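Shown next, in structure tokens, is the structure this report addresses.
Number of protein chains: 2
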Amino acid sequence: MEKRGKRTWHFENPVYVQSTGTAVGPEESKGPIRNSFDVCYNNLYAGQETWEQAERQLMKDAVETALKKAEKKPEEIDYFIAGDLLNQIVTSNYYARELDIPFLGIFSACATVMEGVALGSLLIDAGAAHLAMVAVSSHNATAERQFRNPTEFGGQRPDSATFTVTGSGAMIIGSKEAQIKITDATIGKVIDMGIRTPFDMGSAMAPAAADTIVTHLAETKREPSYYDVIVTGDLSRVGSGILRKLVQEKGMDLDNHEDCGIIIFDQEQPVFAGGSGAACPAVVTFGHLIKEMQKKKLRKMLVVATGALLSPIMIQQKESIPCIAHAVSFELVEDNV
Amino acid sequence: MEKRGKRTWHFENPVYVQSTGTAVGPEESKGPIRNSFDVCYNNLYAGQETWEQAERQLMKDAVETALKKAEKKPEEIDYFIAGDLLNQIVTSNYYARELDIPFLGIFSACATVMEGVALGSLLIDAGAAHLAMVAVSSHNATAERQFRNPTEFGGQRPDSATFTVTGSGAMIIGSKEAQIKITDATIGKVIDMGIRTPFDMGSAMAPAAADTIVTHLAETKREPSYYDVIVTGDLSRVGSGILRKLVQEKGMDLDNHEDCGIIIFDQEQPVFAGGSGAACPAVVTFGHLIKEMQKKKLRKMLVVATGALLSPIMIQQKESIPCIAHAVSFELVEDNV
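Protein sequence lines, in the order shown, are assigned to chains R and G. All you need for our numbering is the position in the first sequence, starting with 1, plus 19. All you need for our numbering is the position in the second sequence, starting with 1, plus 19.
Right under this line is the structure:
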């Protein structure tokens, strides 16, 4: 571990992606990257009786797939690091009781996945773990009723709204040499530019994403072009434009920027400005993008997961939305040698 | 960092408590350890307009006190690691936006404080940070209405119920030599013995506490008597008895066990089985017990924070309560040399 600047951890002891697993719901199973997911459900219940249990089933599918691909048993994993959008992160807590692995609960909304990968990588680099597993989830129906309105309410939504991704992504991280290396992590600051509507989280999150990207590039002394892609979590169509403008104001062009919320759905799907939710950056990264790296179509990737740290009660109390973005860089090993 | 057994981190690069800060509400200000707290409020609003804002004020008071005692400015702290009981940990998120320090959000209910101290110590040991600040909070009124019933409902409660502590504790951790060293951390597993009532969380949490204590002692090859005190977070009068029995079944006597939920209130106070809440182990440890160490009345202390990882919606769906306990050991430096 070598600290670069104030906020970036450069992992000197090698940290590798051992495997990933993804599971998604019906809308994601119709999207353009559907073939990259390991488990697809054609309805929101995933064989369970409640939506909350369905979300837990998705996490179970993602974790079991990752374990199977890495040829590991649960007891071989040293730490399970997980979080989700449900109150008291109950998807993670309740799934963790099945796993019997020491557990670290984390939360930074839709940025949770890269907080987890950053901490998991630190554990490996520091020798605190041989293998760490990170998992996150979100579910359209559990999130809608918790954060906005009862599903039956049927309220109209503006085009700036996003559609919470139903899914879960899991990643096993370890020191054993593999194709993809985790090289650096930049931890986000909480930034709040005064946006008050939970129907425009892309605009709220863009300044946090810009801050983390600019800081990461400065601290690692890299240009944006160092990466084949700089991918944000769920800024969607509205927030992505704002991000590019904010980074441009700092004198850099993000020509290689993509957003998981845009990648995951076709523009014809009924998802407003695009996908969001803790699962959005997880399933797009752990499914589609990691596979693009394995096919050597991408060699260097910076994943900037973005989170809107609101709660309904804060919105009712007329508060604005604080946001955060955590970034992790992934590199094909052959580029390093 | 040297791993001991499967779940214990032994910090080889020295990690020290630089300072602590505590702030509490009215009931805590009348209790037996009231003189150990830095900031006391005589009402639940703490000068704010809502209870949620009051909880944030308590965290601000705790953090600012810790900074002042350590003679540090916020910008000298590398990472802020925080969590609380409110949905989406909004006390921590919203306070973090004022701080402008890279932020890691964590959650393991009332065990959050020792998850934070464990991670903060790992960051110091690994060289990922020079100074890390950990903070947690809870508030009787925000927790009551979120987890149980509207405050005005006035439902009766059984004697096994606990009283959520109103308060916040903050600790600054760093490598600079100081009086108290953080030596080891043992990460908990999620354990669920089938308890379903949120009015008896002490019984639900006792097995997780027993598992972590027994594991910690085995992995560090220590007897319970190695510590002057083994203190649990908020098992209260009901759970403490169960814990001692469970540990006794493993062939060990916990003669030196105390519980923060019992320490913080007098038996005459209207708190049922004792105190609980994320702030309970934080203010008792960071206030009273750390001061007892500074006075050399305690030399070695194991703090086992216990968390009930429930949510109201899981209880409505007839689920039982998964629990976790994270342990951290503190030692007076003179004993180490």
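A virtual CB, placed ideally from N, CA and C, is assigned to each residue, including glycine. For clarity, every value in this text was computed on a predicted model and none was experimentally measured.
- Taking CB atoms only, T216(G) has no neighbour in chain R less than 8 Å away.
- One finds nothing in chain R with a Cβ atom closer than 7 Å to the Cβ of G296(G); even the nearest lies about 13 Å away.
- The C-beta distance from P226(R) to I206(R) rounds to 16 Å, too long to fall under 8 Å, and the pair is not in contact.
- If you ignore the 5 residues before and after A229(R), its C-beta comes within less than 6 Å of the C-beta of L262, L265 and V266, all in its own chain and listed in chain order.
- Legend: CB atoms of the stretch 299–321 of chain G lying less than 8 Å from CB atoms of chain R are not found in any residue.
- When Cβ-Cβ separations below 8 Å define contact, S156(G) makes no contact with chain R.
- Cα atoms of L273(R) and P243(R): separation of roughly 6 Å, rounded to the nearest angstrom.
- Runs of the alpha helix (DSSP H) lying entirely within the stretch 267–333 of chain G and spanning at least 4 residues, in chain order: 279–282, 298–302 and 309–313.
- Going by DSSP, G40(G) is part of no alpha helix (DSSP H) but of the beta strand (DSSP E) stretching over Y35 to V43.
- One thing to note: T41(G) has its Cβ no nearer than 8 Å to the Cβ of V233(G).
- Residue state for I108(G) is assigned as helix, using DSSP reduced to three classes.
- Scanning its chain for C-beta atoms nearer than 6 Å, with the 5 sequence neighbours on each side dropped, one finds around A128(R) the residues G326, A327 and L328, in chain order.
- Within the model, the alpha-carbon separation for K25(G) versus E238(G) is close to 8 Å.
- In terms of CA proximity to T202(G), L351(G) leads the group T251(G), K92(G) and L351(G).
- For L236(G), not one C-beta of chain R is nearer than 8 Å to its own C-beta.
- DSSP, reduced to helix, strand and coil, places V250(R) within a strand of the structure shown.
- Here DSSP, grouped into helix, strand and coil, assigns K195(G) to coil.
- Nearest to K314(R) by alpha-carbon distance, out of A148(R), A204(R) and I199(R), is I199(R).
- In the structure shown, I210(R) falls within a strand segment according to DSSP collapsed to helix, strand and coil.
- Taking one beta carbon from each stretch, the stretch 32–46 of chain R and the stretch 191–198 of chain R have 3 or more pairs nearer than 8 Å; the two touch.
- Of the candidates D144(R), P289(R) and L254(R), the residue whose Cα lies closest to the Cα of R176(R) is P289(R).
- By a beta-carbon distance limit of 8 Å, Q67(G) does not contact E71(R). Their separation comes to about 33 Å.
- Around the beta carbon of E46(G), 16 or more other beta carbons sit within 10 angstroms, so the residue counts as buried.
- With a threshold of 8 Å between beta carbons, D253(G) makes no contact with chain R.
- Excluding five sequence positions before and after M271(G), the CB atoms of its chain that fall closer than 6 Å to its own CB belong to P243, given in chain order.
- Taking the beta carbon of N61(G) as reference, no residue of chain R falls within 8 Å; the closest one sits roughly 23 Å away.
- Between the beta-carbon of G293(G) and that of R256(G) there is about 6 Å, and that keeps the pair under the 8 Å contact cut.
- Cβ-Cβ distances below 6 Å link I340(G) to I214, A223, A327 and L329 in the same chain, with the five nearest sequence neighbours on each side left out; the list follows chain order.
- The beta carbon of S222(R) sits no closer than 8 Å to any beta carbon of chain G.
- At the C-beta level, A85(R) and T39(R) come within 8 Å of one another.
- Along the length of the stretch 131–180 of chain G, whole alpha helix (DSSP H) runs at least 4 residues long occupy 131–144 and 159–166, reported in chain order.
- Judged by DSSP secondary structure, L351(R) falls within the beta strand (DSSP E) whose first and last residues are C342 to L351.
- The closest CA to that of D253(R), considering only E268(R), G306(R) and A298(R), is found on A298(R).
- The Cβ neighbour count for D178(G), taken over all protein chains shown within 10 Å, is under 16; the residue is labelled exposed.
- Bridge pairing for D97(G): absent [DSSP].
- Contact of T325(R) with chain G is not assigned, every C-beta pair being separated by 8 Å or more.
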